[in-house]
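Numbering (the working numbering), first residue to last: 12 to 1143. Below is one structure, written out as structure tokens, with a few remarks after it.
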Amino acid sequence: MCLNSLHFPQEQAWLEAAQAFIEETLCPPGKEPDVQLTQLVIDCVKTIWLSQGRNQGLTLPLSYSFVSVKDLRTHQRLPCCSHLSWSSTAYQAWAKEAGPHGVPLPRERLILLGTLTDLSGDLEQECRNGSLYIRDNTGTLGCELIDLDLSWLGHLFLFPSWSYLPPAMKSSGEGHLELWGAAVPVFPLTVSPGPLTPIPVLYPEMASHLLRHRSKHRNVQPNLAGELVRLSALVKSRKKAYFILFLGGSSPVGSHVSIIVQVPAQLVWHRALRPHKAYVLTELRASKLPGHRYRIWMTSPSSQLLPLKPEYVQELELELEGAPLETSPQPLPILSNPQDKKGPGPDGLVRDSRLLSYTGMVTGTLNQPAGLYELDGQLGLCLAYQQFHGLRRVVRPGVRLELQDVHLLQSMGGGTRRPMLAPCLRGAVLLQGFSRLMPETQSSHRAPGASLYEQLVWEHQLGLPLYLWASKALEELACKLCPHVLRHHQFLQRSSPGNPSLGLQILAPTLEVLVPPGCPGRNTHNEILEEPHHCPLKKYARLQTPCSFPTLAALKEEGKSRAWASFDPKTLLPLPEASHLPSCQLNQRLAWSWLCLLPSAFHPAPVLLGILVPSSRKGCLRLQDQSGSLPCLLLAKPSQPLTDPGLIGCLVRAERFQLVVERNVRSTFPSWKELSMTVFMQKKQARVYVQILLADALILSVPRPVLHSATSSRPPQTEPSLPEGPHIGQSRLFLLSHKEALMKRNFCVPPGASSEVPKPTLSFLVLGSWLGGTQRKEGTGWGPPEPREGENSDQKVLLIFLSSSVRWFEFLHPGQVYRLVVPGPPTPMLFKEDGSSCISQRPPELAGCASCLTVQDEWTLELASSQDIPEVLGISRALPESSLTDLLSGNFTDSLVSFSAEILSHLWIKPGSSGATRRCVKLTVALETADCEFPPHLDIYIEDPHLPPPRGLLPGARVYFNQLEKKVSRSHNVYCCFRSSSCVQVLSFPPDTTISAPLPHIYLAELLQGEKAPFRATASCHVVSVFSLQLLWVCAHCTSICPQSSAKIDEPLTLFLWTLCTSFSVLRPIVLSFELEKKPSKIIPLEPPRLQRFQCGEVPFLTRVNPRIRLSCLSIQEPEHPSALGALVSSC
12 MCLNSLHFPQ EQAWLEAAQA FIEETLCPPG KEPDVQLTQL VIDCVKTIWL SQGRNQGLTL
72 PLSYSFVSVK DLRTHQRLPC CSHLSWSSTA YQAWAKEAGP HGVPLPRERL ILLGTLTDLS
132 GDLEQECRNG SLYIRDNTGT LGCELIDLDL SWLGHLFLFP SWSYLPPAMK SSGEGHLELW
192 GAAVPVFPLT VSPGPLTPIP VLYPEMASHL LRHRSKHRNV QPNLAGELVR LSALVKSRKK
252 AYFILFLGGS SPVGSHVSII VQVPAQLVWH RALRPHKAYV LTELRASKLP GHRYRIWMTS
312 PSSQLLPLKP EYVQELELEL EGAPLETSPQ PLPILSNPQD KKGPGPDGLV RDSRLLSYTG
372 MVTGTLNQPA GLYELDGQLG LCLAYQQFHG LRRVVRPGVR LELQDVHLLQ SMGGGTRRPM
432 LAPCLRGAVL LQGFSRLMPE TQSSHRAPGA SLYEQLVWEH QLGLPLYLWA SKALEELACK
492 LCPHVLRHHQ FLQRSSPGNP SLGLQILAPT LEVLVPPGCP GRNTHNEILE EPHHCPLKKY
552 ARLQTPCSFP TLAALKEEGK SRAWASFDPK TLLPLPEASH LPSCQLNQRL AWSWLCLLPS
612 AFHPAPVLLG ILVPSSRKGC LRLQDQSGSL PCLLLAKPSQ PLTDPGLIGC LVRAERFQLV
672 VERNVRSTFP SWKELSMTVF MQKKQARVYV QILLADALIL SVPRPVLHSA TSSRPPQTEP
732 SLPEGPHIGQ SRLFLLSHKE ALMKRNFCVP PGASSEVPKP TLSFLVLGSW LGGTQRKEGT
792 GWGPPEPREG ENSDQKVLLI FLSSSVRWFE FLHPGQVYRL VVPGPPTPML FKEDGSSCIS
852 QRPPELAGCA SCLTVQDEWT LELASSQDIP EVLGISRALP ESSLTDLLSG NFTDSLVSFS
912 AEILSHLWIK PGSSGATRRC VKLTVALETA DCEFPPHLDI YIEDPHLPPP RGLLPGARVY
972 FNQLEKKVSR SHNVYCCFRS SSCVQVLSFP PDTTISAPLP HIYLAELLQG EKAPFRATAS
1032 CHVVSVFSLQ LLWVCAHCTS ICPQSSAKID EPLTLFLWTL CTSFSVLRPI VLSFELEKKP
1092 SKIIPLEPPR LQRFQCGEVP FLTRVNPRIR LSCLSIQEPE HPSALGALVS SC
């Protein structure tokens, strides 16, 4: 080409750049430059450029530059498109047609050339899988096009219109090209002339008969001709890839014949075949597929795919002898209009899906890794039941698809409302048009995970309703846990032996219930060939949503919402009890209440899911996800506390749990009549937490590299870390004998410390004994204990936990053996006597301990095992308890008592009410005794600074109280108080079903039996006298309570009340529910009956009278037979 004949420098420079590009990128390497190739490329470019008619007098596209495959893969980071023959006006009109809801592909002025091939790089022919590529000297790049002519393969083309989509951010995949319009060959394509003689062919009916007969023609390799009536999906297995096509005659009900194509070089035919067009396939052979009952035609390596032209073929006449060896397969069903079908069956029954063909546009992406899309704004599309690896990168809003033999499923339930189209392997999904839109900015959790979704379909055999629910659940779970708790690829990775997918482990308990065991795997050959058709999409039943995975923040808010929606003072204080309560008692009983929500109270039932994290600020345990955290109270089993710190950072999945909401209300209700008026509720607070038995939960380990940053309760920059390389450190075992309360304490300031006034620090202390000597880290284990020179065999140790080390509070319990681990180089005398790092902080009341250590933030705790030290096996794990005699006696030799009890009531007391000087919580508990029919009741008071009380102190819960202070009231009642040395341990949660047992019905005389008398009971009795009456007046203006003023005996109101209290309206039979005002105790013996004189008329009587028993009324009811009881009393 003569470059000197050009008149414009710009054109000269453009041509020189084009020539250099062609020589480097398109010419065969190692050979002389091909001048003819250069000229042909320039001519092709000029032809396309001038075809637009608006080239502004320019004969060359000077604003365009050539681009190689390598340049696209290396430098093009954003999606783009290029249209060489378009003007700017044409592009703007094209972009405008993309619609208002998407962003059109930006235009780049690039010229793309390359060879169209089905070989990736230098792969051998056997490695072909049906994919298409553009190749030049710099590499290969995958591509998609609408209509493929097989004669184009191996030829050099100019692509006037195309778009490029790079791989997703942080993805290991590759970008791909979408080729719009017709490609322009650089070299003219050779048009092959027709055959010299007609090709002998068999049509479907004769070909089908030939397969079923044993004849002399059995071994021939015939040519088959017919119309393509069905095309299966391209199936890729571990052994080989294949697809099956069906040729039929001109009649819709005529015979058809199936042909399997599995030669690697012929898989690209799948892109060229189009339904309802006629083809000839040459040199076929008969074959028997494993697991399929019929013989089938199969292509050979020398087979060809040709368009059927009647003038070039001639039907071959064969004479078939003998009876057929096989029955004829059933003809293909005729697809009917879905409107002609009846509607789906009733809910819960198995239904049949409908087979149809559909052409539409993708209008939305529901879940790209799961293969879920929206069609035409109305239908759902699920491609998961096909292996749509090639289509996955192309399908996005704006793409037009033709679905052949697709299943239509409606009313599936499980949270899916729209009808769904889902193709199985029987039908093909054909590309009809590319999208003009940029790919959607997918949230990062949707990028990985396609292999996990494939596992749900292909290995776990999920039907479509359950698959849709599982896909939605995995999406919700990814939003809960990724990316801060887990990385997306870790959560959605494919399960493999020894490396199960975390996402699949979370769903497994639900799927095991819903998926019947022993489901056979998919037989791909039969799914395509068998009639009647069977596949996972053929039959389905409406799915009731099995469960949901709400965020912890949503669950917490729902608990609060339900707690306050159900808060009804009239329900908490039912009449007639509330009608006789004064204002102070009325508001006191409303000050605290609680609500326990079980999963069955929600629909669908929620599954609790979160990472177990200890709080370094409050010392409690929390479940954490992306939305926040939720405090939790955990028990390993009933009466077995949580002791293993190794559970920190694990994922807890619980289907059975109790969502507890404790309500605190400050109210000023004047009387029971105003309980419905919310104006008297001044303040509302709620404390929400969950109670879980780990025996009912699934505990899953979280990958450790993510765990450190995800579950840290402190900022990353202050989190202690272990030295890199082999872990070094030292440790020592100790037996925990006592744990004190978690509260704010004052500690002594060491000399030289800051002059600021120290503030109380949240802390707790434990007392224990060292077991063995110090051990050093050896590899992954611990070395032998060092000899304890000069130490006592039973050396006591006091451990102080403050600052962030309070996070170990919930794991430490008396009777357990723990290992205290100190990372870093060994420090001599660290665990020795007087080797404390903070002797100055030793609490004065425990100054007699031999060793005192402050647990540092970076130290850790481990639960000891039986392999750690032999003495662990012989250690008693029983909790120390005071005897009932010591607990209820007047002996105060040891005023600290420990016991187990069931909580009966939980009451908040304000200052000034019930004689309290400051606010406190009053717990009434029933002591656990084996030899007493009616267990004794006891009151426990918790005051500041121990408020609010520990979680879990709920009516119905069993609790172990350790080292409470025993006291005796002026009325000789034993009660206990919470002190700094006290601690509680919840043994069991309140029962899920709160069935209140009826109070025992007794005679009042039985209350004189002391210990054998119940604390609460019901008695049928008769009111014989009223001792006193108190009137509380309600101000009509401000509705406040006014005390009773003095009244004279002759005032009309007083006379009326006196008459009323002595009438039969008051002095009558009743059924009284009561509790003893004075608790049974052994402090003072029961008073003996005393002689008392009575006068009956003129006759004196002397009799023994028992001491008066004081009762508190719980409720009053009318007797069932008042006449009989009244007659009995009057006769006495």
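Where is the CB? At the ideal position from N, CA and C, for every residue including glycine.
Let me know the secondary structure DSSP gives Tyr-75 once reduced to three states.
Sequence index remark: in the sequence shown, residue 75 carries index 64 (1-based). If DSSP states are grouped into helix, strand and coil, Tyr-75 belongs with coil.
Alpha carbons only, please: which of Arg-664, Val-671, Ser-76 is nearest the one belonging to Ala-29?
Stepping through the sequence shown from its first residue, residue 29 is reached at position 18. It is Ser-76 whose Cα lies nearest to the Cα of Ala-29.
Taking the alpha-carbon positions, what's the Leu-1146 to Glu-34 distance?
This structure cannot speak to residue 1146, because the chain is shown only from 12 to 1143.
Looking at the strands, I want to know which residues DSSP matches up with Phe-257.
The count along the sequence shown starts at 1 and reaches residue 257 at position 246. Arg-241, Ser-269.
Can you look up Glu-1131 in the DSSP assignment and give me helix, strand or coil?
Numbered from 1 along the sequence shown, position 1120 holds the residue referred to as residue 1131. The answer is coil: DSSP assigns Glu-1131 none of H, G, I, E or B.
Compare the Cα-Cα distances from Gly-371 to each of Leu-412, Ser-364, Ala-381, Gln-397 and report the closest residue.
Start at 1 with the first residue of the sequence shown, and residue 371 comes out as number 360. Nearest C-alpha to Gly-371: Leu-412.
Tell me whether Thr-689 counts as near the ligand COA, meaning its Cβ is closer than 6 Å to at least one heavy atom of that ligand.
Only the bare structure without any ligand can be found here, which leaves the ligand COA out of the picture.
With DSSP as the reference, label Gln-696 as helix, strand or coil.
On the sequence shown, residue 696 is found 685 positions in, with the first residue counted as 1. Strand.
My assumption, with CB atoms under 8 Å, is that Gln-232 sits in contact with Ser-311. Please give the rounded CB distance.
Walking along the sequence shown from the start, residue 232 turns up at place 221. Walking along the sequence shown from the start, residue 311 turns up at place 300. About 7 Å separates the two Cβ atoms, so the contact holds.
What beta strand (DSSP E) runs, 3 residues minimum, are completely inside the stretch 956-996?
969-979, 985-988
Measure the alpha-carbon distance for Leu-319 versus His-495 and round it to whole angstroms.
The residue given as residue 319 occupies position 308 in the sequence shown. The residue given as residue 495 occupies position 484 in the sequence shown. When rounded, the distance between both Cα atoms is 60 Å.
Tell me which same chain residues have a C-beta within less than 6 Å of the C-beta of Leu-245, skipping the five on either side of it?
Along the sequence shown, read from residue 1 onward, the residue named residue 245 stands at position 234. Correct list, in chain order: Gly-141, Phe-254, His-281.
For the beta strand (DSSP E) that Trp-480 lies in, which residues bound it at each end?
Residue numbering aside, residue 480 sits at position 469 when the sequence shown is read from its first letter. Element bounds for Trp-480: not the beta strand (DSSP E) but the alpha helix (DSSP H), 475-492.
DSSP beta-bridge partners of Pro-434
As a position in the sequence shown, residue 434 is number 423, starting the count at 1. In the DSSP output, where bridge partners are listed per residue, Pro-434 has Val-417.
Jot down the residue ranges of each uninterrupted alpha helix (DSSP H) in the stretch 362-408, minimum 4 residues, whole runs only, in chain order.
400-403
Looking only at its own chain, which residues have a Cβ that is under 7 Å from the Cβ of Ile-450, when we skip the five neighbours before and after it?
As a first step, residue 450 is located in the sequence shown; it is residue number 439 there, counting from the start. Looking at the sequence itself, residue 450 is Pro, so the reference to Ile does not match. For Pro-450, where only same-chain residues beyond five positions count, the Cβ hits under 7 Å are Pro-90, Leu-176, Arg-407.
Beta-carbon spacing of Val-932, Pro-960 below 7 Å:
Working through the sequence shown from its first residue, we reach residue 932 at position 921. Working through the sequence shown from its first residue, we reach residue 960 at position 949. Contact flag set, yes.
Going by DSSP, what residues sit across from Met-754 in a beta bridge?
Locating residue 754 in the sequence shown gives position 743, counting from the first residue. Note: Met-754 sits in a beta bridge opposite Ser-774.
Other residues of its chain near Ala-109: CB distance less than 7 Å, five sequence neighbours each side excluded
As a working mapping, residue 109 is identified with position 98 in the sequence shown. Correct list, in chain order: Pro-115, Gly-409, Arg-447, Leu-448.
By the 10 Å Cβ neighbour count, where 16 or more other Cβ atoms means buried, how is Tyr-1014 classified, buried or exposed?
Here residue 1014 corresponds to residue number 1003 of the sequence shown, with the count starting at 1. Exposed, by the Cβ-count rule.
Which one or two residues does DSSP pair with Pro-642 in a beta bridge?
Stepping through the sequence shown from its first residue, residue 642 is reached at position 631. According to DSSP, Pro-642 bridges with Arg-633.
With a threshold of 7 Å on Cβ separation, who are the neighbours of Glu-1088 within its own chain once the five nearest residues in sequence on each side are excluded?
Counting from one through the sequence shown, the residue named residue 1088 turns up at place 1077. Excluding residues within five positions, the ones whose Cβ falls inside 7 Å are Arg-1121, Leu-1122, Ser-1123.
Quick one: Cα of Phe-820 to Cα of Ser-814, how far?
Taking the first residue of the sequence shown as 1, we reach residue 820 at position 809. Taking the first residue of the sequence shown as 1, we reach residue 814 at position 803. If I take the Cα positions, the gap works out to 12 Å.
How would you label Gln-1193, buried or exposed, when you count the other beta carbons within 10 angstroms and need 16 or more for buried?
Because the chain here runs from 12 to 1143, residue 1193 falls outside it and cannot be looked at.
Phe-1067 to Leu-965, Cα distance in whole Å?
In the sequence shown, residue 1067 corresponds to position 1056, counting from 1. In the sequence shown, residue 965 corresponds to position 954, counting from 1. Cα to Cα, the separation comes out at about 45 Å.
What are the boundary residues of the alpha helix (DSSP H) that Ala-461 is part of?
Translated into the one-based positions of the sequence shown, residue 461 becomes position 450. Start and end: 461-469.
N-terminal and C-terminal residue of the alpha helix (DSSP H) that Arg-600 is part of
Counted from its first residue, the sequence shown places residue 600 at position 589. Per DSSP, Arg-600 belongs to the alpha helix (DSSP H) from 594-601.
Beta carbon of Leu-475, beta carbon of Leu-525: below 7 Å?
Here residue 475 corresponds to residue number 464 of the sequence shown, with the count starting at 1. Here residue 525 corresponds to residue number 514 of the sequence shown, with the count starting at 1. Cβ distance not < 7 Å, so Leu-475 and Leu-525 don't count as in contact.
Assuming contact is defined by CB atoms lying nearer than 7 Å, are Ser-999 and Pro-649 in contact in what I supplied?
What you label residue 999 is simply residue 988 of the sequence shown in a count that begins at 1. What you label residue 649 is simply residue 638 of the sequence shown in a count that begins at 1. Yes, they are a contact pair.
Looking at Ile-811: is its Cβ nearer than 7 Å to the Cβ of Leu-773?
The residue you call residue 811 lines up with position 800 of the sequence shown. The residue you call residue 773 lines up with position 762 of the sequence shown. The answer is no: Cβ separation not under 7 Å.
Buried versus exposed call for Cys-435 [16 or more other C-beta atoms within 10 Å across all chains shown]
Here residue 435 refers to the residue found at position 424 when the sequence shown is read from its first residue. Looking at its Cβ environment, which holds 16 or more other Cβ atoms inside 10 Å, Cys-435 is buried.
Could you have a look at Gln-1041 and say whether DSSP puts it in helix, strand or coil?
Residue numbering aside, residue 1041 sits at position 1030 when the sequence shown is read from its first letter. Coil, per DSSP.
Label Ile-953 either buried or exposed according to how many other C-beta atoms from any shown protein chain fall within 10 Å of its C-beta, with 16 as the threshold for buried.
Position 942 of the sequence shown, counting from 1, holds the residue named residue 953. Buried: at least 16 other Cβ atoms inside 10 Å.
Within its chain, find whatever has a CB closer than 7 Å to the CB of Ala-439; leave out the 5 residues flanking it on each side and keep chain order.
Within the sequence shown, the letter at position 428 stands for residue 439. Leu-242, Ser-243, Ala-244, Gln-415, listed in sequence order.
Mind checking which residues open and close the alpha helix (DSSP H) that includes Leu-658?
One-based indexing of the sequence shown puts residue 658 at position 647. Counting along the chain, Leu-658 falls outside any alpha helix (DSSP H), and DSSP gives it neither H nor E.
As a quick exercise: from Val-46, Ile-710, Pro-39, pick the residue whose alpha carbon is nearest that of Asn-148.
In the sequence shown, residue 148 corresponds to position 137, counting from 1. Looking at the Cα atoms, Pro-39 is the closest of the given residues.
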